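Trainee: Those protein sequence lines, which keep their order, are chains A and B. My numbering numbers the first residue of the first sequence as 810 and each following residue consecutively. My numbering numbers the first residue of the second sequence as 71 and each following residue consecutively.
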Amino acid sequence: MEAVQSIVMSDASGRMPARRVVGAYLAEMRSECVRYLRAPGFMLPVLLFPTMFYLLFGIVMNRANGPDALRFLLASYGVFGVMSPGLFGFGVSLAAERDNGLLTLKRALPMPPGAYLLGKMLMAMLAAGVVIVLLLAIALGLGHVPLGAGQAFLLLLTGMLGVLPFCALGMFVGTLVKGQGAPGVLNLIYLPMSFLSGLWVPLSMLPGALQKLAPLWPSSHLHAVALRAVGLSQDPIGAHLLVLTAFGVLFAMLAARRLRRVG
Amino acid sequence: MEQPVATVASLAGAVKRYGALTALDGLDLMLHRGELLALLGPNGAGKSTAINLLLGLIRADAGRVTLFGRDPQDIGARRRIGVMLQSAMLPGTLSVAELLRLTMSYYPAPRTLAETAQMAGVSDLLTRRYAALSGGQQRRVQFAMALCGRPELLFLDEPTVGMDIDARRKLWAAIRQLVAEGCAVVLTTHYLEEAEALAQRVVVLAKGRVLSDGSVHALRARVAQSRIRCISDLDATAITAWPHVVSATREDGRLEVRTEAAESVVRRLLDADPALSELEVLRAGLAEAFTEITRDASPEQEAA
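#1: Locate the alpha helix (DSSP H) running through B:Ala-288, then write down its first and last residues.
#2: Return the first residue and the last residue of the beta strand (DSSP E) that A:Met-1014 is part of.
#3: Taking the beta carbon of A:Val-954 as the centre, do at least 16 other beta carbons fall within 10 Å, making it buried, or is it exposed?
#4: DSSP has B:Val-231 in a bridge; who is on the other side?
#5: Check B:Ile-309 in the structure and name its three-state DSSP category.
#6: Whole angstroms is fine: what's the gap from A:Arg-1037's alpha carbon to B:Arg-87's?
#7: Specify the secondary structure class of A:His-1032 as computed by DSSP and reduced to three states.
#8: With distances taken from CA atoms, which of B:Arg-299, B:Gln-188 and B:Ala-354 is nearest B:Ser-347?
#9: Check each candidate in B:Lys-240, B:Thr-258, B:Val-78 and B:Leu-94 and name the one with the smallest Cα separation from B:Ala-108.
#10: For the region 911 to 927 of chain A, enumerate the residues whose C-beta is nearer than 8 Å to any C-beta of chain B, in chain order.
#11: Taking the straight line between their C-alpha atoms, what separation do you get for B:Asp-98 and B:Phe-360?
#12: So, with DSSP's three-state summary, where would you put B:Phe-138?
#13: Please classify A:Phe-881: is it buried, with 16 or more other beta-carbons within 10 angstroms of its beta-carbon, or exposed?
#14: Sort out for me which residues DSSP pairs B:Ser-165 with in a bridge.
#15: Is the CB of A:Gly-900 under 8 Å away from at least one CB in chain B?
#16: Confirm, please, whether the CB-CB distance from A:Val-939 to A:Leu-1008 is below 8 Å.
#17: How many whole angstroms separate the CB atoms of B:Gly-89 and B:Gly-133, which I take to be in contact at a CB cut-off of 8 Å?
#18: For B:Val-153, return the contacting residues in chain A, with the cut-off set at a CB-CB distance below 9 Å.
#19: Between the region 236 to 260 of chain B and chain A, which residues of the former have CB atoms less than 7 Å from a CB of the latter, in chain order?
#20: Using the beta-carbon of each residue, which ones in chain B are nearer than 9 Å to A:Gly-832?
#21: Any C-beta of chain B sitting closer than 8 Å to the C-beta of A:Ala-848?
#22: State yes or no: is the beta carbon of B:Ser-157 nearer than 8 Å to at least one beta carbon in chain A?
#23: Suppose you measure from the CA of A:Met-980 to the CA of A:Pro-1001; what does that come to, to the nearest Å?
#24: Helix, strand or coil: which one does DSSP assign to A:Val-986?
#25: State buried or exposed for B:Lys-117, treating a residue as buried only when at least 16 other CB atoms are found within 10 Å of its CB.
#26: If you reduce the DSSP assignment to three classes, tell me which class B:Tyr-177 lands in.
#27: Can you tell me whether DSSP reads A:Arg-824 as helix, strand or coil?
#28: Determine, for B:Glu-105, whether the minimum Cβ-Cβ distance to residues of chain A falls below 8 Å.
#29: With distances taken from CA atoms, which of B:Arg-148, B:Leu-196 and B:Leu-262 is nearest B:Arg-171?
#30: 8 Å is my cut-off, CB to CB: does B:Ala-229 come that close to chain A?
#31: Does DSSP put B:Val-211 in a helix, in a strand, or in coil?
#32: Between which two residues does the alpha helix (DSSP H) harbouring B:Met-189 extend?
#33: According to the Cβ coordinates, are B:Gly-219 and B:Gly-146 closer than 8 Å?
#34: For a quick check, are the C-beta atoms of B:Thr-163 and A:Ala-936 less than 8 Å apart?
#35: B:Glu-168 touches chain A at which residues, Cβ-Cβ below 8 Å?
#36: Can you name the residues of chain B whose CB is closer than 7 Å to the CB of A:Met-825?
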């Protein structure tokens, strides 16, 4: 009697109440956010580059061109700033953790499926949100850009969701490169892609050939969405959203396939 | 209906190849409830591959791998295990308590934080950041993470590397406590005295196969020779001719006799030289047995 009972109990112990599974997802997300928010080596570059650029090239050098220039640059540097937590937050950490054994340990532990990636995704969205809020504060406080609350909210939404395709791209790079090589590779993607999408110099000032190439880069599509959010364009954004979604899904699938294969 | 599950995990005819290299060559291994098994073998013997299969980190090319009667990649099976890997860099900006709470969240009925910390000896480290700990302290935290989920099967891969003697003894005590509670443990180690101190069963692997499987005692018994050492004037060459004596040598006035029948040889030595002093009889240790067994691992076993 006693023995049978102990076997049945131990057999049931592999199951977990739904409440605890949700708790595990939340704990993983919390840890993933906390560990990066406490790492100045990650947060400082992510926050400083777009804000410094906006202060320098926007507030200081472009003030004479009027509030529309500042409004345009808010969207540009917003996209530029949102790309980095996606690319680097996912790519660098995944490449490092595939290398240092943390990912192996997580796969061996009964972590619920996807919690690790979901945690990184949330962290990237939070970091992107902080970048946009900082840029908005500069635009409104120092640049006196006449921006409605609705527009500010739309830009924030654009940033926090717009980070996702770059998470997918970063994740894919993180599955290809191991360890220390990832930051270099990601910069080779990040910086040229920003330039070619017209985030530093407006597209119209780039050579015609490069302008034609622009639709290849997801950042140019996010830029179009951001310009609409701040009220600088009235063009429909449905196609851009579709491209961004497709881009994100494609790279997420490629990365997931590689992760399953090589781990 | 329910079969008594005495076997918590098993490999049956497991084959794993990495390109031309065969890491596991039809390995059979059963892990039993409440048993501490030490997995030994030279580098490249297939220890890590066997563990990785049981943890569901890799898939076998052939054969069957089960964990609590299920596929090791089944999360329900893995909720019943604890894992301490050889090298895992944990997030350094998290505190010990945060790391433990996170790991506890993966399990259905984990221990309390206080109990976990007390068992692994990390109670005084809970508020510290992981990166600020010494190597030995980090290993203890990893051990705490391994046991926090109240596992029925614990994988410990080289658990005491980087620990000082005191920390090692404390960890051994904690492992014994877990085994006493009915937890099965798979231990890989390079320290044979660790296997000797802890293991009920020792499995020696070489070239992806089981060379020897039995108790520490049985393993040592495979090397039947003992060494007798003493100070005596007796002639070594004459002793070599005695029955059961394998060899006898003299070095710095000290006589050393190798034999398979220590008792009768000692009796004869004492009879022959009443002035004999500082008598020592050394049984072959696990280390000698291990060396002996793995040296014999010649390509004799070709049968599939």
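For each residue, glycine too, the CB sits at the ideal point set by N, CA and C. Keep in mind that this is a model prediction, so the values were computed, not measured.
Mentor: Inspection of the coordinates gives the following:
#1: 286 to 291
#2: A:Met-1014 -> no beta strand (DSSP E), and no H or E assigned at all.
#3: buried
#4: B:Val-231 is not bridged to any residue.
#5: helix
#6: 55 Å
#7: helix
#8: B:Arg-299
#9: B:Thr-258
#10: Leu-911, Thr-913, Leu-914, Arg-916, Ala-917, Leu-918, Pro-919, Met-920, Pro-921 and Pro-922
#11: 20 Å
#12: coil
#13: buried
#14: B:Arg-199
#15: no
#16: no
#17: No, B:Gly-89 and B:Gly-133 are not in contact; Cβ-Cβ is about 19 Å, not under 8 Å.
#18: Leu-914, Ala-917 and Leu-918
#19: none
#20: Ser-175
#21: yes
#22: yes
#23: 19 Å
#24: coil
#25: buried
#26: coil
#27: coil
#28: no
#29: B:Leu-196
#30: In the sequence as presented, Ala is not what sits at residue 229 of chain B; that position holds Pro. Not closer than 8 Å to any Cβ of chain A, the Cβ of B:Pro-229 fails to qualify, so no.
#31: helix
#32: 183 to 190
#33: no
#34: no
#35: Ser-840 and Val-843
#36: Arg-149 and Pro-178
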